[in-house]
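J.: Below you will find the structure I want to go over with you.
Residue numbers (full-length UniProt numbering): 1 to 394.
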């Protein structure tokens, strides 16, 4: 059983539609589970598949009314914008190459956007989305959702408070093993599109998981990337895009570090981690034990901080929801992301003053663009033999 944490609100649910995420998809169901936990979001419309029959069947399966099931996202944006009860935000869970055109259609219709990562497959698209979001005065959040873990929030606050002193190095890693064999060549749907340059973009491993490691390292440290030197390679012969990335990073402010991403590392099912070291102490967090944060003051015994335990910050306590080591605890971050995103979008749409500290906890279109810039710079560096390439999104 999943143990949700109520926030005591009686506010009207945020109404959303979803593009992608039909019956044969993977990530859409995860998004729907996360948005249901706090009962603050109502999914009322969708273009769940480009196949009309599958779109209709998928909508019926999850309780979307037939008249609000669409076979085309453009028709959905137009129709929902014209309805007096139209959706307030769209959730985009399609392959990467469709993120930018779908987001553009809904922004143009005056609808806020919740988009899966990466923001887009090209830097030009990312820049255009940032510009359009500002021009339309809309909220645009990107599901770099690992920022929602309680102990990640705790780590960010500890770094900002100076618990580590001057930061020397910042490292992020995301290791998986699901692409160790050539399952993409064997027709496995998720593997097939994620290694296709036309749909995934310039890099497979960085666009899929590397952006998570990069964003989380940046989120906790508070640093933007200044420049990168990258080595991208493909471990599986014949694969169309890279499945491993070793990236050196120079962070703004003088710290150095690395971003590692691999999808061919046996023994690592879904292993995301961040390590930050300063002149006074070090912090280590791993998604394999998300309820814990390892804090090591120089010259002292290492302390393991546990979510909800002594030393937890107010923000960590606010977003703690799962019992320690609960087998369903993985959904904590995604649920927190959706709860905060719903609050931010509702407040913005109603003209309320938005808590800037709360907004900063949720990755937005600029954070998404920074991830796209990181991927583009790493690809350029790799093509040039590992030379240093500017990576800051201006």
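Think of the CB as a built atom: it goes at the ideal place given N, C-alpha and C, for glycine as much as any other residue.
Using the beta-carbon count (16 or more within 10 Å), is residue 181 buried or exposed?
T.: Counting Cβ neighbours within 10 Å, residue 181 comes out exposed, since fewer than 16 surround it.
J.: Return helix, strand or coil for residue 317, following the three-state DSSP convention.
T.: The answer is helix: DSSP assigns residue 317 an H, G or I state.
J.: Give me, in chain order, the residues of the same chain whose beta-carbon lies closer than 7 Å to that of residue 363; leave out the 5 immediate sequence neighbours on both sides.
T.: Around residue 363: 141, 142, 144, 147, 215.
J.: Going by CA-CA distance only, name the one from 158, 188, 120 that's closest to residue 167.
T.: Closest option to residue 167, Cα to Cα, is 158.
J.: I'd like to confirm the pairing. Which residues does DSSP put opposite residue 456 in its beta bridges?
T.: As displayed, the chain neither begins before 1 nor continues past 394, which places residue 456 out of reach and without an answer.
J.: Please confirm if residue 68 has its CB atom under 7 Å from at least one CB of chain D.
T.: The structure shown has no chain D; it contains just one protein chain.
J.: Along the chain, where does the alpha helix (DSSP H) that runs through residue 367 open and close?
T.: Run containing residue 367: 365 to 383, per the alpha helix (DSSP H) assignment.
J.: I'd like to check one pair, residue 220 with residue 174: are the Cβ atoms closer than 7 Å?
T.: Cβ atoms of residue 174 and residue 220: not closer than 7 Å.
J.: Quick check: the stretch 122 to 135 against the stretch 48 to 65, are there 3 or more CB pairs under 8 Å?
T.: Contact fails: fewer than three Cβ-Cβ distances are below 8 Å.
J.: Can you tell me which of the three DSSP states residue 273 falls into?
T.: If DSSP states are grouped into helix, strand and coil, residue 273 belongs with the strands.
J.: Assign residue 112 to one of three DSSP states: helix, strand, or coil.
T.: Looking at residue 112 - three-state DSSP - the assignment turns out to be strand.
J.: On the premise that residue 261 lies in contact with residue 406, defined as a C-beta separation below 8 Å, what is that separation, rounded to the nearest angstrom?
T.: The first residue shown for the chain is 1 and the last is 394, placing residue 406 beyond what the model contains.
J.: In the structure shown, what three-state DSSP assignment does residue 288 receive?
T.: Coil.
J.: Rounded to whole angstroms, what is the Cα-Cα separation between residue 319 and residue 26?
T.: Near 26 Å, if we compare the C-alpha coordinates of residue 26 and residue 319.
J.: From residue 190 to residue 58, what distance separates their C-alpha atoms?
T.: The straight-line gap from Cα to Cα measures roughly 18 Å.
J.: Quick check on the DSSP output: the alpha helix (DSSP H) that includes residue 175 runs from which residue to which?
T.: Premise fails: residue 175 lies in the beta strand (DSSP E), 167 to 175, not in any alpha helix (DSSP H).
J.: Closer than 8 Å by C-beta to residue 390: which residues in its own chain qualify, once you throw out the five before and the five after it? Chain order, please.
T.: So the qualifying residues of the chain are 226, 227, 377.
J.: Could you tell me which of 288, 92, 234, 253 sits nearest to residue 278, measuring between CA atoms?
T.: Nearest of 288, 92, 234, 253 to residue 278, Cα basis: 253.
J.: At which residue ranges does the stretch 118 to 174 contain complete beta strand (DSSP E) runs of 3 or more residues, listed in the order of the chain?
T.: The qualifying runs are 140 to 142.
J.: Once DSSP output is grouped into helix, strand and coil, what is the label at residue 104?
T.: Helix, per DSSP.
J.: Just tell me which of 18, 79, 83, 92 has its CA closest to the CA of residue 64.
T.: Measuring from the Cα of residue 64, the nearest candidate turns out to be 18.
J.: Please report the residue range of the alpha helix (DSSP H) in which residue 251 lies.
T.: First-last for residue 251: 244 to 251, but that is the beta strand (DSSP E), not the alpha helix (DSSP H).
J.: With distances taken Cα to Cα, identify the nearest neighbour of residue 368 among 22, 105, 114, 13.
T.: If we check each option's Cα against that of residue 368, 114 comes out closest.
J.: State the beta-bridge partners of residue 257 as determined by DSSP.
T.: According to DSSP, residue 257 bridges with 170, 249.
J.: Report yes or no: do the stretch 236 to 247 and the stretch 347 to 357 share at least 3 C-beta pairs separated by less than 8 Å?
T.: Flag = no, the stretch 236 to 247 and the stretch 347 to 357 do not touch.
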